[in-house]
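Take a look at the structure set out below.
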Amino acid sequence: MSFREEHELHKRRSGRNIGVGLVLAGFIVLVFGLTVVKVTRGDMQMPSSEEVGASADGNG
Amino acid sequence: MSDTSFNTQAQTGEAGFGDYVALLKPRVMSLVVFTAAVGLLAAPVAVHPVVALASVLFIAVGAGASGALNMWWDADIDAVMKRTAQRPVPAGLVTAQEALAIGAALSGMAVVMLALASNFVAAGLLAFTIFFYAVVYTMWLKRWTPQNIVIGGAAGAFPPMIGWAVATGGVSLESVLMFALIFMWTPPHFWALCLFMNSDYENAGVPMLTVTHGRRVTRRHVLAYTILLAPVAVGTAFTAIGGPIYLSVAVVLNALFLKGAFDIWRRDEAQAQADKYRVEKRFFALSLLYLFAHFGAILAEAALAPLGLGGW
Chain G
606 MSFREEHELH KRRSGRNIGV GLVLAGFIVL VFGLTVVKVT RGDMQMPSSE
656 EVGASADGNG
Chain V
142 MSDTSFNTQA QTGEAGFGDY VALLKPRVMS LVVFTAAVGL LAAPVAVHPV
192 VALASVLFIA VGAGASGALN MWWDADIDAV MKRTAQRPVP AGLVTAQEAL
242 AIGAALSGMA VVMLALASNF VAAGLLAFTI FFYAVVYTMW LKRWTPQNIV
292 IGGAAGAFPP MIGWAVATGG VSLESVLMFA LIFMWTPPHF WALCLFMNSD
342 YENAGVPMLT VTHGRRVTRR HVLAYTILLA PVAVGTAFTA IGGPIYLSVA
392 VVLNALFLKG AFDIWRRDEA QAQADKYRVE KRFFALSLLY LFAHFGAILA
442 EAALAPLGLG GW
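Protein chains in written order, with the numbering used here: chain G, 606 to 665; chain V, 142 to 453.
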C-alpha cells in the first residue's frame, strides 16, 4: 500500500464527512450573515464614550 | 492495522450522513419549519429576512434535537413497532448514546443561537418545548397514560408560538390560538393513525387509547376532539391573523373533518376491517391537509395584507 493511497475508512466515511463539512460551512455563513445584519441595524451598538462618562459621573 | 479489519458500510451497518439526519425526524421538522414560519410572518412586527431565516432554522434544529432525544429514550419500543423499526437507533446504524449526545448538543446550541438571533422569550419557549417533548412526553406521559397524545401534543403546538415570539418578543391571543389549533388537532390525527396501525402500539406496550380503552372509545374520542377543535379553528378567523380566506378554508375543512370524524364514530370494527380502514385512512390524510391548509390560509392573509386584500 503506497503512502498516498486513500485509506478505506476515508472512502467509507466520505459522504458523512462531506455532509458535516457542508453543515458547518452553512452554519458559519448563517452566523456571519446574522452578525452583519445585527451590526448594520445597530442591535449590537456599544454605548458611546460620552454616555459611559455621563453615567459614571452620576449624570446619566 | 490491515484494511481487512474494516468492513464495508453495508456489512457493518455504519451510519451515513442521512442516518444522522433521520435521527432529527425531518418530516416532523418540515411541519415545524412551516408552522413556525407562519407564526413569524403572521405577526404584526416585520423581521429582517436573515434573522427570520436563522430563527426558523434554529427552531427546526431544536425540534430535531428533541426528536433525537426521543429516539434515544424510545429505542426499545421503536424496535418493536413496524412503523419505527427502521429508525437509525433500532436499525443499529446509530447508537443510543450517539443519539443522546447529538440531541443534547443540538438542543443547547439551538436555544442559545435562537436567543442570540432573536430574543429570550422565543429561546425560552424553544427550551420549554424541547423539555416538554423529551422529558414530559417521551419519558413520562408516553408510557404512563392513554392521554399521552393529548398532553404531549402541546410540544408540537409550540412552533408557531415561538415564531410569533421571534417577531414580537411576546405571547398574544393570536399565538395562543395557533397553539390551540395544533393542540386540539393532534388527538384526532394520532388516534385515527392508531385505529389503522392495529397492534403496533399494543405490541410495544404503549398505553395508547386503542390499547387501554378499546377502539369504540377511541372512535368516540376522535369525534369529541374534532367537535372541540372546530370552534377554535373557525374562531381564529375573527382575530388579527384571520380574514375571509381563512374563514372560508376553516368552514369547509372543519365541515369535512367533522363529517370524517362522524363516519369514524358510527362504524364498528367489523366494518373497518372489511374495507381495510378506508374511512380512518382517509380521515388521517385529511387531517394532514387540514393543518397545512389552515396555516397556509393564515400565511395567505398575512401575505395579502400589504396589498389591502388580507384580513378583515
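Glycine is no exception: its CB is placed at the ideal position from the N, C-alpha and C atoms.
Test: residue i CB closer than 8 angstroms to a CB of chain V
i	result
V572 of chain G	This structure cannot speak to residue 572 of chain G, because chain G is shown only from 606 to 665.
G600 of chain G	Lying outside 606 to 665, the shown extent of chain G, residue 600 of chain G is not represented and no answer is given.
V625 of chain G	yes
R609 of chain G	no
is_contact[residue i, chain G] using C-beta, thresh 8 angstroms
i	result
E239 of chain V	no
L198 of chain V	yes
F403 of chain V	no
V192 of chain V	yes
A216 of chain V	no
Cut-off 8 angstroms between Cβ atoms - residues of its own chain near residue i, not counting five sequence neighbours on either side
i	result
P167 of chain V	G205
G624 of chain G	none
F175 of chain V	F433 and F436
R361 of chain V	W406
T380 of chain V	L314, E315 and L318
Contacts that residue i makes with chain G (C-beta to C-beta distance below 8 angstroms)
i	result
H189 of chain V	V642 and R646
F331 of chain V	By Cβ distance, chain G contributes nothing, its closest Cβ being about 31 angstroms from F331 of chain V, past 8 angstroms.
F158 of chain V	G620, R621, I623, G624 and V625
Beta-carbon proximity list for residue i, same chain, < 7 angstroms, skipping 5 on both sides
i	result
T145 of chain V	Note on T145 of chain V: pLDDT 38, under 50, position unreliable in the model; the coordinate value appears next. Excluding positions up to five away in sequence, the list is empty.
S340 of chain V	none
A345 of chain V	I218, V221 and M222
F147 of chain V	Annotation note: pLDDT 37 at F147 of chain V (below 50); position unreliable, no value reported.
M338 of chain V	R224
D160 of chain V	P229, L234 and V235
A240 of chain V	L164, A209, M212, W213 and V230
V312 of chain V	M302 and A306
A151 of chain V	Low per-residue confidence applies at A151 of chain V: pLDDT is 41, beneath 50, and the placement is therefore not dependable, though the value from the model is reported in the following sentence. Counting only Cβ-Cβ distances below 7 angstroms, and skipping sequence neighbours, we find nothing.
A195 of chain V	A258
C-beta contact flag for residue i and residue j at 8 angstroms
i	j	result
L164 of chain V	P231 of chain V	no
A376 of chain V	T327 of chain V	For the sequence presented, residue 376 of chain V should be read as Gly rather than Ala. No, the pair does not count as a contact, with Cβ atoms beyond the cut-off.
G180 of chain V	M302 of chain V	yes
T359 of chain V	W332 of chain V	yes
H189 of chain V	R646 of chain G	yes
L370 of chain V	M325 of chain V	yes
L388 of chain V	H435 of chain V	no
V373 of chain V	W406 of chain V	no
T351 of chain V	L336 of chain V	yes
A402 of chain V	F425 of chain V	no
L198 of chain V	L635 of chain G	yes
D404 of chain V	V420 of chain V	yes
G631 of chain G	F158 of chain V	no
E155 of chain V	R609 of chain G	no
A237 of chain V	A216 of chain V	yes
Contacts that residue i makes with chain V (C-beta to C-beta distance below 9 angstroms)
i	result
L629 of chain G	Ordered by position in chain V, no residue passes the 9 angstroms Cβ test against L629 of chain G, which lies about 12 angstroms from the chain.
Integer-rounded CB distance, given that residue j should sit under 8 angstroms from residue i
i	j	result
A251 of chain V	L267 of chain V	6 angstroms
A258 of chain V	N211 of chain V	A258 of chain V to N211 of chain V, Cβ: 25 angstroms. No contact.
V347 of chain V	K400 of chain V	About 29 angstroms; that fails the 8 angstroms criterion.
A441 of chain V	I382 of chain V	Not confirmed; about 11 angstroms, so no contact.
A391 of chain V	A378 of chain V	5 angstroms
M170 of chain V	W214 of chain V	The pair is not a contact, with the Cβ atoms about 18 angstroms apart (cut-off 8 angstroms).
L614 of chain G	V191 of chain V	About 38 angstroms; that fails the 8 angstroms criterion.
I243 of chain V	A209 of chain V	5 angstroms
Spatial neighbours of residue i in its chain, beta-carbon cut-off 6 angstroms, leaving aside the 5 residues before and after
i	result
A263 of chain V	L255, I303, A306 and V307
A193 of chain V	L181
A184 of chain V	W305, A308 and T309
F398 of chain V	T367 and Y431
T270 of chain V	A296 and F299
G452 of chain V	G384, E442 and A446
S248 of chain V	A206 and I271
N289 of chain V	L282 and K283
Y454 of chain V	Summary: the structure shown does not reach residue 454 of chain V, with chain V confined to residues 142 through 453, and so no result is reported for it.
V291 of chain V	P328
R357 of chain V	none
Within chain G, the residues that residue i reaches when beta carbons sit closer than 7 angstroms
i	result
A195 of chain V	L635 and L639
A258 of chain V	L639
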